[in-house]
Amino acid sequence: MPMAGERFCPMFTKILIANRGEIACRVIRTARRMGVRTVAVFSEADANARHVRLADEAVCIGPPAARDSYLVAERMLDAVRRTGAQAVHPGYGFLSENERFADACAAAGIVFIGPPAAAIRAMGSKSAAKTLMAAAGVPLTPGYHGDEQEADFLHAQADAIGYPVLIKAAAGGGGKGMRLVEKSDDFAAALASCRREAISSFASDQVLIEKYLRRSRHIEIQIFADTLGNCVHLFERDCSVQRRHQKVLEEAPAPGMTPARRAVMGQAAVDAARAVGYVGAGTVEFIASDTFAQDGNFYFMEMNTRLQVEHPVTEMITGQDLVEWQLRVASGEPLPLRQEQLDIRGHALEARIYAENPDQQFLPSTGRLLHLARPAESLNVRVDTGIEQGDEITPYYDPMIAKLIVWDIDRHAALGRMRQALADYRIVGVSTNIDFLSRLVACPAFANADLDTGLIERSRDFLFPAQSDPPSGVFFVAAVAGLLREYAAALARASHSGDPWSPWSLHDGWRLNIQPRRTLTYRSGDTRHEVLVAYAADGWRLTLGNESVLARGRVLDSGQFAGQLAVELDDRRLVASVVAVTEKQERHVFLNGTNYVILRDDPLHLVAAGGAQGGGLTAPMPGKVIALLAAVGQRVDKGAPLLILEAMKMEHTITAPKNGRVKAFHYAAGDQVADAAELVDFEVEP
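In our numbering, the protein residues as written are 763 to 1448.
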């Protein structure tokens, strides 16, 4: 949906964005539309990042690690002073919910585009926020939210609550510092792991314990308040679809929400905001029980005192620009609209596109984006991103590539928009979750709005199908792409030769007195696929096993499919895209909304197999060894944990690939390791 009317911001002429990536680019877009100049900040790893390229000015604030750059408040304030910015937009994450940073901005006479430090302080601790909400009469999930943090005491509290329980970092967010514990014997290890991750991400290891509600829904309310005492809610978002306690798909409005329940939840969120003197954009998160459809019961979970990652779905259904609202409220203006002036139009979905491997427990992926094609943006399709082709996903920050947002008149139509938009997204260079998201949107449970936070786990058979060979069309399309590429290269060489029309200069399969034939060999996993090519006057006769087709192809040079291939296989016409990664002999075939990765089995090249196979003993990415979980000489069973590696502020457990014995660890706890570094000397035993 288009945004509300465009007006210039009367107070700010320049703001500094204390963030990076997608959200920094998002703020720059609105600021530029409003005539406000922007200052980007960047670490040494982000020197050439998209947000730096888009901003009017940019200031380097330190080394790659966030703790040495984006989390250093004084460096942000120094950048403000050096550039003359009047206000700071913190985005989300990093310093956005740091009350000390908000206080420091106020003390320096800099406008913090967010709530007062007191409100951040009141809601910044999940434990303190729950105490405040309990006093206000908002229903809470059963659990322990106090300050006593001794491990045995917390263990006893969990036992008393009853399993399963959820351990959550009190200062946490984004799914970090959170562990689900199914039984008492697992509590101590889960608590230790949760605290390590919490310290790394939030500099606090305080936790709370809550009863884990199975088949629960995560429903949040977007609120907005100004400095004049006005407060409204902009309806709800359903964020139930999660993996590793992190949101994957969000939508607005929430399926099955009645106007009466929306009014009750919206009023509860507004009351929570008023209770802490809130100003600006915020989100009050609720968990709804499995009986929500019948009784409407919900419980306060936490309040995020910032703009949420998923705010675009709210913008799409209301037609409002929430970043513009933030700038206006921070400059002292009243809220642009009253509650009765807000309404819901249509349905919106947001999919978070990550550099990660869903088949390896969503392990983050790093590397350079060798090829990136996004769906065309329109009133129905929006892409918020901080990444462009050629940029690199590094181990220093969250691996989100983009947010893909779609809108249509109802949920059914929006689902169709999302399926098509995901099919149009093509990325090569890192593993992504795009194919997984395509299956998720098509999953019967999601399509039928049978939502809860365990949807991904209970739909595993659909979402993680058994590996199978690609269909024959994939190999035919790869062959056509290769033959077209060869022919184009031959024409280019011929045009520079003395006789460009000589048959010896062309790559068209011409032979004297014999039918021209050749074989193209590909690999998928351990299987070889041989495509026999017979040159014909009007194309190629391609044969794979018992299947034979007459193939033709051309590169499209205009329209929405420009740059892709139009392939004819007998009477079947396809539009596909094939990206070749020459050094790896990889062929990425994007066909019918799926990315098939096959190898060209070229005898002139040796293809080395790199990385570890599930539970392997090499580092899946750069990181730091946190703990060794086995002893040298110890015999372990397949799947036993050997060590914990921290990367991208998340912990990853390296496990034994088979039954065997630990011969040696190559690194000690605290050591930094490079990508693909050998971690353990492991001897397989029968």
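Idealized CB from N, CA, C, for every residue including glycine.
None of the values given here were measured: they were computed from a predicted structure.
- For THR989 and ARG1090, the gap between their C-alpha atoms comes out near 11 Å.
- Collapsing the DSSP output to three states places ARG1255 in a helix.
- As DSSP reads the structure, THR1380 sits in a beta bridge with GLU1440.
- Under DSSP, PRO1403 forms a beta bridge with THR1417.
- Between ALA1034 and VAL1242, the C-beta gap is not smaller than 9 Å, which leaves the two residues out of contact.
- If you draw a 10 Å sphere on the C-beta of PRO1120, you find 16 or more other C-beta atoms in it, and that means buried.
- For the 9 Å CB-CB criterion, LEU996 and THR1080 form a contact.
- Under the DSSP assignment, MET1162 falls in the beta strand (DSSP E) whose first and last residues are 1162–1170.
- For ASP1121, DSSP records no beta bridge to any residue.
- With 16 or more neighbouring CB atoms inside 10 Å of its own CB, PRO877 falls in the buried class.
- CA-CA distance, ILE961 to ALA1418, rounds to 27 Å.
- LYS1400 sits exposed, since fewer than 16 C-beta atoms from the chains shown fall within 10 Å of its C-beta.
- Using a Cβ distance threshold of 9 Å, ALA1031 and ILE983 count as a contacting pair.
- In the DSSP assignment, GLY1028 falls within the unbroken alpha helix (DSSP H) covering 1021–1037.
- For VAL1341, no alpha helix (DSSP H) encloses it; the enclosing beta strand (DSSP E) starts and ends at 1334–1343.
- Cβ neighbours of GLN1070 within its own chain (closer than 7 Å, five residues either side excluded): TYR854, THR1045.
- Your pair PHE986 and LEU1097 checks out as a contact, with CB atoms roughly 6 Å apart and the cut at 8 Å.
- Taking a cut-off of 8 Å on C-beta distances, the region 852–867 touches the region 1053–1073, as three or more cross pairs fall below it.
- Residue range 913–923 is occupied by the alpha helix (DSSP H) that includes HIS917.
- The alpha-carbon separation between ARG977 and MET1078 amounts to approximately 28 Å.
- Per DSSP, the unbroken beta strand (DSSP E) holding ARG999 starts and ends at 993–1005.
- In the three-state reduction of the DSSP assignment, CYS1205 falls in the coil class.
- Take ALA864, set aside five residues on each side of it, and the residues of its chain with a beta-carbon closer than 8 Å to its own are PHE874, GLY876, PRO877, PRO878, ALA879, ILE882, in chain order.
- The shortest CA-to-CA distance from GLN911 to any of ALA950, LEU942, THR1415, GLU944 is the one to ALA950.
- Non-local beta-carbon contacts of PRO926 in its own chain, meaning distances under 7 Å to residues more than five positions away in sequence, involve LEU942, VAL943, GLU944, TYR974 in chain order.
- Beyond the five residues adjoining it in sequence on each side, ARG1181 comes within less than 6 Å, by CB distance, of VAL1203 in the same chain, given in chain order.
- When the beta-carbon positions are compared, ASP1214 and ASP1052 come within less than 9 Å of each other.
- Note that the C-beta distance between ALA1431 and ALA1392 is not below 9 Å.
- In the three-state reduction of the DSSP assignment, ARG1090 falls in the helix class.
- Exclusion of the five residues before and after ALA1342 leaves ARG1349 as the residues of its chain whose Cβ lies within less than 6 Å of its Cβ.
- The residue from VAL801, THR1415, GLU1445 with its alpha-carbon nearest to that of GLN1122 is THR1415.
- DSSP, reduced to helix, strand and coil, places ASP1146 within a strand of the structure shown.
- Under the three-state reduction of DSSP, MET796 is assigned to coil, being neither helix nor strand.
- Annotation: the region 1054–1113 contains the following complete segments of the beta strand (DSSP E) (minimum length 3 residues), in chain order: 1060–1066.
- In the three-state scheme derived from DSSP, where H, G and I count as helix and E and B as strand, VAL1242 is classed as helix.
- Of the residues ARG957, ALA1113, PRO826, SER1002, the one whose Cα lies closest to the Cα of GLY1216 is SER1002.
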